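Just so we're aligned, residue 1 is where the sequence shown starts under my numbering, counting upward by one. Every residue, glycine too, gets a C-beta built ideally from N, C-alpha and C. Bear in mind that the values here come from a model prediction, so they are computed numbers and not experimental data.
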Amino acid sequence: MAMQIRIERTTAPKAKPADASKLGFGQVFTDHMFVMDYVDGIGWTDPRIVPYGPFSLDPATSVLHYGQAIFEGLKAYRTPDGGVQLFRPHANMARIQTSNDRMVIPRIDENFCVEAIKALVDVERDWVPSAPGTSLYIRPFIFSTDAFLGVRASKTYRFVVILSPSGPYYPKGLDPVAIYVEQDYVRAVRGGTGAAKTPGNYASSLKSQTEAYKQGFVQVLWLDGIERRYVEEVGAMNVFFLFGDELVTPALEGSILPGITRASVLELARGWGMKAVERRLAIDEVAERYDRGELTEVFGAGTAAVISPVGTLVWGEKRMTIHENRIGPVSQRLYDTLTGIQYGTRPDPYGWIEKV
Ligand code: PLP
Ligand code: COI
Numbered sequence: 001m002a003m004q005i006r007i008e009r010t011t012a013p014k015a016k017p018a019d020a021s022k023l024g025f026g027q028v029f030t031d032h033m034f035v036m037d038y039v040d041g042i043g044w045t046d047p048r049i050v051p052y053g054p055f056s057l058d059p060a061t062s063v064l065h066y067g068q069a070i071f072e073g074l075k076a077y078r079t080p081d082g083g084v085q086l087f088r089p090h091a092n093m094a095r096i097q098t099s100n101d102r103m104v105i106p107r108i109d110e111n112f113c114v115e116a117i118k119a120l121v122d123v124e125r126d127w128v129p130s131a132p133g134t135s136l137y138i139r140p141f142i143f144s145t146d147a148f149l150g151v152r153a154s155k156t157y158r159f160v161v162i163l164s165p166s167g168p169y170y171p172k173g174l175d176p177v178a179i180y181v182e183q184d185y186v187r188a189v190r191g192g193t194g195a196a197k198t199p200g201n202y203a204s205s206l207k208s209q210t211e212a213y214k215q216g217f218v219q220v221l222w223l224d225g226i227e228r229r230y231v232e233e234v235g236a237m238n239v240f241f242l243f244g245d246e247l248v249t250p251a252l253e254g255s256i257l258p259g260i261t262r263a264s265v266l267e268l269a270r271g272w273g274m275k276a277v278e279r280r281l282a283i284d285e286v287a288e289r290y291d292r293g294e295l296t297e298v299f300g301a302g303t304a305a306v307i308s309p310v311g312t313l314v315w316g317e318k319r320m321t322i323h324e325n326r327i328g329p330v331s332q333r334l335y336d337t338l339t340g341i342q343y344g345t346r347p348d349p350y351g352w353i354e355k356v
């Protein structure tokens, strides 16, 4: 039997952003949030939409010490006719299950989660911005709540969804970014947690991100943690390399997050008759093919930035300038097609869209 979602509306609604075209990413939050708890012996219980606000946590709360948590990220888009729609929400909820399994968090009903997100977005419908390039970023997350300092899986959890009207992830939008190849630190190893969307992966990446900023780069390109040779991800996005007509992205071998944008890019490119392959890609192959003039485009792919072209790629002493530091035609076509489907300005032949 489906659980009923209780709704408690705020009595003090906030002012909406005055100029949505100036929205940054993840800075403003809406009036309500979805909350549901996991109680040992009962399961997931008491789903509710309540006024947005802080939680009070026991200082011994397990997540604060041992980081047993997962999160997701997707968006609601305003269509030209004033409607609101989601992009592949069931794929995000399926990924919650694999993240949960890795972090020993109890499974959750995927369909109910999509219903919960739709119910929350419906309550907050007026918060979905309509300025070009803006959307309502949806952040579901789960954290362990036992107040206990022993290292073991928690017996209680909280599932929460918050919403943030957002603009572009990178302030410069589609302008190509400068990236260097990280040679000191690694993001994940096979057997670790890289394929799960869990906070520790992001915490451990901050050191390199901070170093990269200091040196004038926007992000780093991660190499595999064992041979320190094979390309994995770019910042918190999946990465693609175009060599002539071959589009390459690293194969999912356990240390890479299986991105929904990544899967969509592969499907679109294959649908266009391109050779789109998932395989191991060594950084020395990238450099050699760059020297031969075969590396024509490099881009990151993820929900927040959609497609993020890489204009400069630095590997030690070697500096590669890609497509004259301008967005390339394949990156642009992918961006236009994905955002066209997401915002409902293009047909959706793949059935990726769900209306709210
Ligand atoms: N890789 C990492 C580490 C991420 O955090 C994300 C963002 O969710 C992605 C890749 C891209 O995944 P998606 O396209 O599902 O947003
Ligand atoms: C993405 O959507 O591509 C992300 O990596 C989200 C980020 C804010 C964690």
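* Does the beta-carbon distance from Phe34 to Val161 come in below 8 Å? -> To locate residue 34, count along the sequence shown from 1; it is residue 34. To locate residue 161, count along the sequence shown from 1; it is residue 161. Cβ atoms of Phe34 and Val161: closer than 8 Å.
* **Whole-Å CB distance - Ile322 paired with Leu313, under 8 Å assumed** => As a working mapping, residue 322 is identified with position 322 in the sequence shown. As a working mapping, residue 313 is identified with position 313 in the sequence shown. Right, their Cβ atoms sit about 6 Å apart.
* Since Ser164 contacts Tyr202 with CB under 8 Å, what's their CB separation in whole angstroms? -> Taking the first residue of the sequence shown as 1, we reach residue 164 at position 164. Taking the first residue of the sequence shown as 1, we reach residue 202 at position 202. Contact flag wrong, Cβ pair sits at about 17 Å.
* Asked: Using the beta-carbon count (16 or more within 10 Å), is Thr198 buried or exposed?
  -> Taking the sequence shown and counting its residues from 1, the one referred to as residue 198 is at position 198. So Thr198 counts as buried.
* Gly344 vs Thr134 beta-carbon contact at 8 Å -> Here residue 344 is taken as the residue at index 344 of the sequence shown, counted from 1. Here residue 134 is taken as the residue at index 134 of the sequence shown, counted from 1. No, the pair does not count as a contact, with Cβ atoms beyond the cut-off.
* Asked: Grouping DSSP H, G and I as helix and E and B as strand, with all else coil, what is Phe34?
  -> For the purposes of this step, residue 34 is taken as the residue at position 34 of the sequence shown. Reduced to three states, the DSSP call for Phe34 is strand.
* Asked: What do you get for Phe55, buried or exposed, if any count of 16 or more other CB atoms within 10 angstroms of its CB means buried?
  -> The sequence position of residue 55 within the sequence shown is 55, counting from 1. Looking at its Cβ environment, which holds fewer than 16 other Cβ atoms inside 10 Å, Phe55 is exposed.
* Output the residue ranges of the alpha helix (DSSP H) runs that lie fully inside the region 107 to 137 and measure 4 residues or longer, sorted by chain position. => 110 to 123
* Does the pairing of the region 292 to 302 with the region 224 to 239 give three or more beta-carbon distances under 8 Å? -> yes
* Straight-line CA distance for Trp352 to Ala91? -> Within the sequence shown, residue 352 is the residue found at index 352, counting from 1. Within the sequence shown, residue 91 is the residue found at index 91, counting from 1. Approximately 10 Å, taken between the alpha carbons.
* Host alpha helix (DSSP H) of Leu64 (start-end) -> Numbered from its first residue, the sequence shown carries residue 64 at position 64. Segment 62 to 66, the alpha helix (DSSP H) holding Leu64.
* To do: Using three-state DSSP, classify Met1 as helix, strand or coil.
  => Indexing the sequence shown from 1 puts residue 1 at position 1. Low per-residue confidence applies at Met1: pLDDT is 48, beneath 50, and the placement is therefore not dependable enough to give any value.
* To do: Mind the definition here: the region 171 to 181 touches the region 99 to 109 only if three or more C-beta pairs lie below 8 Å; say whether that holds.
  => no
* **Local conformation of Asp46 per DSSP, three classes** => Locating residue 46 in the sequence shown gives position 46, where the first residue counts as 1. DSSP places Asp46 in strand when its eight states are reduced to three.
* Three-way DSSP call (helix, strand, coil) for Arg289 in this model -> One-based indexing of the sequence shown puts residue 289 at position 289. DSSP places Arg289 in helix when its eight states are reduced to three.
* Asked: Expressed to the nearest angstrom, what Euclidean distance is found between the alpha-carbon atoms of Leu120 and Asp81?
  -> Start at 1 with the first residue of the sequence shown, and residue 120 comes out as number 120. Start at 1 with the first residue of the sequence shown, and residue 81 comes out as number 81. If I take the Cα positions, the gap works out to 21 Å.
* Asked: Do you know offhand how far Asp37's Cα is from Ser255's?
  -> Within the sequence shown, the letter at position 37 stands for residue 37. Within the sequence shown, the letter at position 255 stands for residue 255. Roughly 30 Å between the two C-alpha positions.
* Under the three-state DSSP convention, the category Val265 falls into -> To locate residue 265, count along the sequence shown from 1; it is residue 265. It is helical.
* To do: Identify the continuous beta strand (DSSP E) that holds Val306 and give its terminal residues.
  => As a first step, residue 306 is located in the sequence shown; it is residue number 306 there, counting from the start. It spans 306 to 315 - the beta strand (DSSP E) in which Val306 sits, taken as one unbroken run.
* To do: Can you tell me the Cβ-Cβ gap for Leu23 and Gly167, rounded? I've got them flagged as a contact below 8 Å.
  => The count along the sequence shown starts at 1 and reaches residue 23 at position 23. The count along the sequence shown starts at 1 and reaches residue 167 at position 167. About 4 Å separates the two Cβ atoms, so the contact holds.
* If you draw a straight line from the alpha carbon of Leu74 to that of Pro89, how long is it in whole angstroms? -> Position 74 of the sequence shown, counted from the start, is the residue given in the question as residue 74. Position 89 of the sequence shown, counted from the start, is the residue given in the question as residue 89. Using only the alpha carbons, I get a separation of about 7 Å.
* From the DSSP output, in three-state form, read off Ala69 for me. => Stepping through the sequence shown from its first residue, residue 69 is reached at position 69. The answer is strand: DSSP assigns Ala69 an E or B state.
* To do: Could you tell me the distance, in whole angstroms, from the CA atom of Ile70 to the CA atom of Asp146?
  => Translated into the one-based positions of the sequence shown, residue 70 becomes position 70. Translated into the one-based positions of the sequence shown, residue 146 becomes position 146. Their Cα atoms are separated by approximately 16 Å.
* Asked: Going by the C-beta, is Ala304 closer than 7 Å to any heavy atom of ligand 2?
  -> Taking the first residue of the sequence shown as 1, we reach residue 304 at position 304. Answer for Ala304: yes, Cβ within range of ligand 2.
* Name the residue from Leu268, Ala212, Val28 whose alpha carbon lies nearest to the alpha carbon of Ser331. => Counted from its first residue, the sequence shown places residue 331 at position 331. If you compare the alpha carbons of Leu268, Ala212, Val28 with that of Ser331, the shortest gap goes to Leu268.
* Contiguous beta strand (DSSP E) assignments of at least 3 residues, all confined to the region 176 to 202 -> Along the length of the region 176 to 202, whole beta strand (DSSP E) runs at least 3 residues long occupy 177 to 181, reported in chain order.
* Asked: So what's Lys207 in DSSP terms, helix, strand or just coil?
  -> By one-based count along the sequence shown, residue 207 stands at place 207. Helix, per DSSP.
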